[in-house]
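Student: Sending over a structure as structure tokens; questions will come in a sec.
In the numbering used here, the protein residues as written are 7 to 189.
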């Protein structure tokens with residue numbers, strides 16, 4: 007399983023990293039809402055390799071039979087490798103090429119709250135929460151955790167679906183006691 011997981015995980019990680027780079031370049035041109043949609047579409051596209059990885063493992067290593075648990079284990083390992091690649095790519099992009107990207111994001115969130123028409127106390131509380139998140143985001147470990155929470159749920163859903171679709175049990179062979187005798 008190691009070889010299959012590594013191959014499909016790294017290919018999926020490469021795909022998600024390249025697609026993220028392209029999405030970041032387009033973010034200003036297409037707007038934040040469309041950018042978010044494009045980002046999740048990219049994740050789904052790269053996590054399709056989870057399905058193909060499980061299928062390859064089942065067909066090439068396990069003679070066409072795989073349990074849900076083993077398929078899930080294979081898929082979640084591919085998902086974890088892909089997520090690590092996603093996080094590593096974001097960390098390099100964010101800290102080296104776009105250190106003010108999240109400042110713009112948080113400023114837009116604050117503006118959205120302030121122009122929402124909420125009462126002053128609620129507005130102040132939400133702005134304070136956004137500012138606190140902004141401070142936390144400067145810590146690389148918190149940044150990595152937040153970033154990992156973007157692709158991980160998508161990969162988990164695709165892993166569960168793929169494991170359910172691809173599971174295949176060995177055919178049950180009739181035994182002498184279960185065979186029906188015909189007269």
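Idealized CB from N, CA, C, for every residue including glycine. These numbers were taken from a predicted model, which means no experiment stands behind them.
May I ask you to verify whether the stretch 125-145 touches the stretch 16-34, counting CB pairs closer than 8 Å and requiring at least 3?
Tutor: The answer is no - the stretch 16-34 does not touch the stretch 125-145, with fewer than three Cβ pairs under 8 Å.
Student: Excluding sequence positions up to five away, which residues of its chain have a Cβ less than 8 Å from the Cβ of residue 115?
Tutor: Position 109 of the chain shown holds residue 115. Within the same chain, residue 115 has close Cβ partners 136.
Student: Leaving out five residues before and five after residue 15 in sequence, what residues of the same chain have Cβ atoms less than 7 Å from its Cβ?
Tutor: Residue mapping note: residue 15 aligns to position 9 of the chain shown, counting from 1. Cβ neighbours of residue 15 beyond the five flanking positions: 83, 84, 87, 88.
Student: Would you mind giving the Cβ-Cβ distance between residue 78 and residue 10, rounded to the nearest angstrom? I have them listed as a contact below 8 Å.
Tutor: Numbered from 1 along the chain shown, position 72 holds the residue referred to as residue 78. Numbered from 1 along the chain shown, position 4 holds the residue referred to as residue 10. Residue 78 to residue 10, Cβ: 14 Å. No contact.
Student: Among 138, 43, 65, which one has its Cα closest to the Cα of residue 108?
Tutor: The count along the chain shown starts at 1 and reaches residue 108 at position 102. Nearest C-alpha to residue 108: 138.
Student: Expressed to the nearest angstrom, what Euclidean distance is found between the alpha-carbon atoms of residue 161 and residue 124?
Tutor: To locate residue 161, count along the chain shown from 1; it is residue 155. To locate residue 124, count along the chain shown from 1; it is residue 118. Going from the Cα of residue 161 to the Cα of residue 124 covers about 36 Å.
Student: Residues in the same chain with beta-carbon distance under 6 Å from residue 168, minus the five sequence neighbours each way, listed in chain order, please.
Tutor: The count along the chain shown starts at 1 and reaches residue 168 at position 162. Excluding residues within five positions, the ones whose Cβ falls inside 6 Å are 56, 57, 60, 81.
Student: Any idea if residue 7 is buried or exposed, counting beta-carbon neighbours within 10 angstroms, 16 or more meaning buried?
Tutor: Here the question's residue 7 lines up with position 1 in the chain shown. Residue 7 comes out exposed.
Student: Which of helix, strand or coil does DSSP assign to residue 173?
Tutor: For the purposes of this step, residue 173 is taken as residue 167 along the chain shown, with counting starting at 1. Coil.
Student: Which same chain residues end up closer than 8 Å to residue 66 when comparing Cβ atoms and leaving out the 5 residues on each side of it in sequence?
Tutor: Translated into the one-based positions of the chain shown, residue 66 becomes position 60. Correct list, in chain order: 10.
Student: Residue 43: buried (16+ other C-beta within 10 angstroms of its C-beta) or exposed?
Tutor: The residue labelled residue 43 in the question sits at position 37 within the chain shown. Per the 10 Å Cβ criterion, exposed.
Student: If we ignore side chains and look at the alpha-carbon of each, how far apart do residue 71 and residue 12 end up?
Tutor: By one-based count along the chain shown, residue 71 stands at place 65. By one-based count along the chain shown, residue 12 stands at place 6. Cα to Cα, the separation comes out at about 21 Å.
Student: How about residue 133 and residue 148: are their beta carbons less than 8 Å apart?
Tutor: As a working note, residue 133 is residue 127 in the chain shown. As a working note, residue 148 is residue 142 in the chain shown. Contact: no.
Student: Using 8 Å for Cβ pairs, my map puts residue 154 next to residue 98. What's the rounded Cβ distance?
Tutor: The sequence position of residue 154 within the chain shown is 148, counting from 1. The sequence position of residue 98 within the chain shown is 92, counting from 1. At roughly 15 Å, the Cβ-Cβ gap does not stay under 8 Å, so residue 154 and residue 98 are not in contact.
Student: Counting along the chain, where does the alpha helix (DSSP H) carrying residue 137 start and finish?
Tutor: Along the chain shown, read from residue 1 onward, the residue named residue 137 stands at position 131. Run containing residue 137: 126-143, per the alpha helix (DSSP H) assignment.
Student: What residue from 28, 64, 35 has the CA that sits closest to residue 48's CA?
Tutor: Numbered from 1 along the chain shown, position 42 holds the residue referred to as residue 48. With distances taken between Cα atoms, residue 48 lies closest to 28.
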